[in-house]
Structure formats: structure tokens, C-alpha cells
Amino acid sequence: MNSKLKFYQSIRVKIALVFALMLMLTLECVGAVFVRQLEHQNLNTFKQTIELPSYVDNSLSEQLSRPDTKKANQQIRQILSEVNNNNISEIRVVDSKGVIRGTSTADNRNMVGQKTTDAMVKATFLNNRSHSENVYDGANHNRYYVNVIPLNDSNNNVVGAVLLRASLEGVYSNINNITLIYLSAALVTIILSLFLAVLISQEITRPIEEMRKQTLRIARGDFSGQVRVMGNDELGQLAGAVNNLSVRVEEAQESSDSERRRLDSVLSHMSDGVLATDRRGNITIVNNMALQLLGVDHEDDLIGKSIIDALDIRHDYTVRELINSNQKEMIIDMSAGGNDLILNAYFSPIQRESGFISGLVCVLHDVTSQQKEERERKQFVSNVSHELRTPLTSVHSYVEALSDGAWKDKDIAPQFLTVIQNETNRMIRMINDLLSLSRMDSGTTKLNLEYVNIKELFNYILNRFDMIIKKDENDQNSKKYTIERYFTDKDLWVEIDTDKFTQVIDNIMNNAIKYSPDGGVITTRLLETHNHIILSISDQGLGIPRKDLGRIFDRFFRVDKARSRKQGGTGLGLAISKEVINLLGGQIWVDSIEGQGSTFYISLPYVPYEEEDDWDD
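For the sequence shown, my numbering gives the first residue as 764, with consecutive numbering after it.
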């Protein structure tokens, strides 16, 4: 890793540039809108200032209607000379025939009496509407505003038009000055903001740089340094995390060395034989028990030897099959050599995080006694079958006796029927247990749904556990615990299967009691959301590792198999609970911290119910 970064790769430069670019973009957008609005407003104001008074328009209309053209032109000139508006460059009066009758500009009075060629005037006469536009004079490089207004007589007939020409240079000059001021202010703002951005980014990246240096020291194996915590913000928390990481890595390294020594000690003294190989199947590690089980005096006799030769299974398997196939376990009979010994060989590949298999581990276990027990278990299965066959045989015998005439004996027949009934009930109970497991596996369980006050039902279930607590108060061997309730005051009606929901709560409560320490507190909560009700049951028990939280509801899954069996768990209770809650349209999940306890949550759909909605006035 490079210890130095190029200038353009520095995060502080990137932060400052991003900030400056965002500011520039914002100012540009605001400036564009501002200038546009300013231009629009100034133009509208300017247009209002050059409008002629109504009496001037009326006077001009009267003069254009007079038959005496010469006197009318004189009056028009007089009227135009009295117009006092410095913003108007020229006022031109044109009659309905397109003849120019007067102008306010002395330089253009030679145009009086001539036909106009202005397209805007002709368009005004054509549709009797005002026309205006901004024009650019290329001769003097000036911008003008031209407005043509129709003149009507008393009968609303067009008798002429007035053409107003006004220079826009003053307006745009004012706009340009304001724009220049704005751009200057924006430039100063950008420079100051860029300076502040550099300072702020430097303050932000300073602890990051220290953390980078510390991580490099950790990578080199130097755990002595510490990052200064400069605040309680995210960077301060990150600095604290880096310091904690340094301590943890150091502890992990020490622990790794200790574990390596402990592993060597365990391998030397464990009761099972252990063989480890490389990818080619050659033995690299062997413990003392493996030497004893295989009848070898020195480990040098096995190191470097193929594992399939050491186990004498070359005729049955290859190294590739052991590594890549699903053959994970096999029974090796060593009794052929005269020893009454049967080994269970369990194979597990040594796999890296990338998925590459670098070797194989074989654990050898003496299962001579287990094989004997296996035979005994088979005998047990036979006995169970016999237990099923026995009531059937009894029923069959008694029914056969009744068929042969025993039903006629008033003393014997009732006894026979009682035996048949008892045996039948016994078989029904056994079959019902099997069917319950089968329905749970196949998902064919039927629900008896009804609207229930979940608050009362939850209290009812917990009250049963309170009675158990009171009953076991004087029992010194029973576990002591307390149940706390935090329920909403509102009655919540939910459509559920009461029996199956009670089974779920009983299961979670039993687990909470089972795994809670003596004197623990079990906290229950019930609350309402927008369209759900949430139940929670918290204990102070063993807790669940984070890596196992996603599998806790899997069938037959146990977090700690040895501990769960000791507590009486089967691995089915939570799986059954999840299936029931799913059938009810809800969800169940768990939040747990190992060593501090677990909290199980149940969410059920809920539609708020208002009693008064069922009544009409």
C-alpha cells in the first residue's frame, strides 16, 4: 500500500471540489432565474412607462377622421410635440390607408405623406390588434421596443395606428450592471466557500489519516499506537472502533498462538485419532491416538504416506473421491487383523474462504461399543413394533372370540369389549401422535379461526404460568422466576386459532423458563401498531449466537446440541411455532445477544375495531 496519496486522489480535495461545484451550480441556477426574472420585470415596467395616455389616442383618432388632411396633420404634429416621455424614441401616426400622417422625430418628417412599409402596421390594420416586438438595429447596434396600437373612431372603425419606438439600451444596461454585481458577489462567495471547504475537509480527513496510519501499523504487527478520539461524532466513534480493533487484533493474535499450543496439546491427548493431509492425500499431521488405533509405533511411519494406504481403503476409494465426493463417513473394520476393533472414519475437507480445498481431515473414533449399541437400538425398534402389534393381536383375538359366540355370554362379553376399547384407545393415541407430526410436516393442519381479545388471551396464558410459580414456591428443587407484563390498555381483537396460538406461547414461555437462570425475569409486552399487534417475550437466558439467528426456526436445528439435549429440547418447537404463526398470516422473529438472553417477537395482522361503528342513530 502506498503511504502517500497523489493530490488529486486526496479525499479532502474531493470534498472541497464537490462542495465548490455544488455551490457554483446552485449559484448559477439561482443567478439564471434571478436575471431572467429581473429582465422580465424591467421590460414589463418599461413597457408600461411608454404607453400613451388615452386622451392622446382619442385626439389622434379625431384628427385622422377629419377630411382636411393638411389641418389634421398640423394638429397631429402639435399633439405629438406635447407628448413628454423621454423613454419614447419616436411616435409615428399612420392612417388606415397606410399613409404616414405624422412623426415625433424631426429627422423623419420627410416621411410624412409616404406609404408605410412596416409589416407590424399592416398586421395591425388586418386584425385590429396591437402588435409589439423587440428589434435589433444592426446599423447602430441598439435594441428597440416597437409597439403598434390601432386607433378607432367612435363607431369602433379603424382609422389609423400609432407606432411607438423606444430604446431598450437603458433597460439592458441596468440589467447588465445588476448581473455584474451578482456575479462578483457569487465569485467572492465561491472563493470564501472553497477556502472554508478546504478547512472543513481537512478537519474531517485528519482523523481518517491517523486511522489509516494506525491500520498500516496493525498490518505490520505493531499494536502499540492509538488513534486520538477528537469527538463523539461518527469519526470519533470510528476512531474508537479502530483503537478497539487494535486491541482485539492483538488479543486475537495472542489467542491464536495460545490456541495453536492448546490444539497441539488437545491433539496429543484426545481420545479420537486425527489425521490431516495435504491436497494430494499425503498425511501431514497425526496424533498419538491415531497411531494407537492404526497400530503404528512412530508418526514418521505415517507422515508423507497416503491416507488411503494408512486406512487400507485403496481398493474402495481414491483421494479425489474422499475430497470432492459426498463420502463423509465410513466404517472401517479392523478386526481382520485379529483385533476386535471397528473404527468410524469421518472425513472433512480443509477449505479456505475462497472455496479452495487444501487438504483433508480424518477423525478416527473407536465405535466398537457403538456398533453393539446399534444392534441394541435395532432390537428396540423391534420391541416398538411389537408394542404396536400386541394391541392389534389382542383386539383380533377378542374379536375372534366374540365372533365365535362369546358375545352371547353376558359376563364375558362386556369384559372382552372393555379390553378391545382400551387397546383401541391406546392405538388411537399412538396413531394421533404420529398423524400430528405428519400434518405438521405436510402443512395440512386445519385452523379453527375466531375473533379473540388477544390481551385477555395473553393474560390467561401467563396466569397459568403464575399459578405454576405459586405452586412451586415451597419446592426447593424448582426454578424460581418472575413474569413482568407491559401491555397496552386497549382491547385488541384478532382472528386466530386459540388452541394453536396458545401452543405457540406455551412453547416460547417454556423455552424462556427452561433456559433462564434461577431467579430470572421474563418480560412480556403487547403493543399495537398501525395494522399489526406485536407480542414479545424476553428472557435472561443463554442467548443465541448471531451466526445462528437465521437458522433458529429451522426444523431440528439446535444452537448447542449438547446443551439443548441436556435441557430437553427436540429442535421442533420453534419450527412448529413459526409454521402456526405463518398460517395465521403473521410473522415471528428473534433478537438475541449471546449470554444476555433472547427476545421473541410475534406480529399478527390487526384491523382496529370501533364498537360504535356497528350502531346507527
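Quick reminder that beta carbons are idealized off the backbone N, C-alpha and C, glycines included.
As the structure is a computational prediction, the values presented were derived from the model and not from experiment.
Anticipated Cβ contact below 8 angstroms, residue i with residue j, distance rounded
i            : j            : result
residue 1367 : residue 1295 : 7 angstroms
residue 932  : residue 906  : 6 angstroms
residue 973  : residue 990  : 5 angstroms
residue 1306 : residue 1360 : 6 angstroms
residue 1214 : residue 1256 : 5 angstroms
residue 851  : residue 914  : In fact, because the Cβ distance is near 17 angstroms, the residues do not count as touching under 8 angstroms.
residue 1289 : residue 1363 : The Cβ separation is near 13 angstroms, so there is no contact.
residue 1261 : residue 1346 : Incorrect: roughly 13 angstroms between the Cβ atoms, too far for contact.
residue 1056 : residue 1127 : 5 angstroms
residue 1046 : residue 1073 : 6 angstroms
residue 930  : residue 786  : That belief does not hold up - the Cβ atoms of residue 930 and residue 786 are roughly 38 angstroms apart, past 8 angstroms.
residue 871  : residue 853  : 7 angstroms
Length of the line joining the Cα atoms of residue i and residue j
i            : j            : result
residue 983  : residue 1013 : 12 angstroms
residue 1210 : residue 1340 : 14 angstroms
residue 1188 : residue 1291 : 45 angstroms
residue 940  : residue 799  : 14 angstroms
residue 1267 : residue 1273 : 10 angstroms
residue 1349 : residue 1244 : 29 angstroms
residue 1105 : residue 1131 : 5 angstroms
residue 777  : residue 958  : 13 angstroms
residue 1176 : residue 1163 : 12 angstroms
residue 1264 : residue 1186 : 32 angstroms
residue 1331 : residue 1159 : In this predicted model, residue 1331 has a pLDDT of only 39, less than 50, meaning its place in the structure is not dependable enough to derive any value.
residue 1058 : residue 1077 : 18 angstroms
residue 918  : residue 792  : 52 angstroms
residue 987  : residue 1010 : 9 angstroms
residue 1165 : residue 1365 : 55 angstroms
residue 875  : residue 804  : 36 angstroms
residue 1192 : residue 1183 : In this prediction, residue 1192 scores a pLDDT of 47, lower than 50, which makes its location untrustworthy; no coordinate-derived value is stated.
residue 1133 : residue 1252 : 59 angstroms
residue 821  : residue 840  : 15 angstroms
residue 1069 : residue 1110 : 14 angstroms
residue 1063 : residue 1037 : 15 angstroms
residue 1108 : residue 1081 : 15 angstroms
residue 1172 : residue 1161 : 13 angstroms
Outcome for residue i when other beta-carbon atoms lying within 10 angstroms are tallied against a minimum of 16
i            : result
residue 910  : buried
residue 1300 : buried
residue 858  : buried
residue 1052 : buried
residue 1249 : exposed
residue 898  : exposed
residue 1094 : exposed
residue 1119 : exposed
residue 890  : exposed
residue 1337 : buried
residue 869  : exposed
residue 894  : buried
residue 1049 : buried
residue 1234 : exposed
residue 970  : buried
residue 1067 : exposed
residue 1019 : exposed
residue 827  : buried
residue 1218 : buried
residue 944  : exposed
residue 1155 : exposed
residue 1017 : exposed
residue 1343 : buried
residue 1144 : Annotation note: pLDDT 48 at residue 1144 (below 50); position unreliable, no value reported.
residue 1275 : buried
residue 954  : exposed
residue 865  : buried
Any C-beta of chain B under 8 angstroms from that of residue i
i           : result
residue 803 : Any reference to chain B falls outside this structure, which holds one protein chain only.
* To do: Go through the region 803-842 residue by residue and report every complete run of the alpha helix (DSSP H) that reaches 4 residues or more, in order.
  => For the region 803-842, whole alpha helix (DSSP H) runs of length 4 or above, ordered along the chain, are 817-828.
* the region 780-787 / the region 947-963 touching (three or more Cβ pairs under 8 angstroms) -> The region 780-787 makes contact with the region 947-963: 3 or more CB pairs, one atom from each, lie closer than 8 angstroms.
* Just checking, does the region 1035-1051 make contact with the region 1121-1133 on the three C-beta pairs under 8 angstroms criterion? -> By the Cβ criterion, the region 1035-1051 is in contact with the region 1121-1133, since at least three pairs of Cβ atoms, one from each stretch, lie closer than 8 angstroms.
* Three-pair Cβ contact test at 8 angstroms for the region 921-928 versus the region 939-950 -> The answer is no - the region 939-950 does not touch the region 921-928, with fewer than three Cβ pairs under 8 angstroms.
* **Runs of beta strand (DSSP E) lying entirely within the region 953-1023, each at least 3 residues, in chain order** => Unbroken beta strand (DSSP E) stretches of 3 residues or longer found wholly inside the region 953-1023: none.
* Is the region 830-845 touching the region 798-815, taking contact as three or more C-beta pairs under 8 angstroms? -> In the pairwise beta carbon analysis, the region 830-845 is classified as not touching the region 798-815: fewer than three pairs are separated by under 8 angstroms.
* Asked: If you pair each beta-carbon of the region 1299-1313 with each one of the region 1347-1365, do three or more pairs fall below 8 angstroms?
  -> Taking a cut-off of 8 angstroms for Cβ pairs, the region 1299-1313 and the region 1347-1365 touch, as three or more such pairs fall below it.
* Which ranges does the beta strand (DSSP E) cover as unbroken runs of at least 3 residues, wholly within the region 854-908, from first to last along the chain? -> The qualifying runs are 863-866, 894-900.
* Asked: Counting Cβ pairs closer than 8 angstroms, one from the region 1218-1228 and one from the region 1274-1290, do we hit at least three?
  -> A contact exists between the region 1218-1228 and the region 1274-1290.
* To do: Run through the region 1222-1296 for me and flag every whole alpha helix (DSSP H) of 4 or more residues, listed as ranges in chain order.
  => Listed in chain order, they are 1261-1278.
* Asked: Which runs of the beta strand (DSSP E), 3 residues or longer, sit entirely within the region 1084-1134?
  -> Runs of the beta strand (DSSP E) inside the region 1084-1134: 1092-1096, 1105-1114, 1120-1129.
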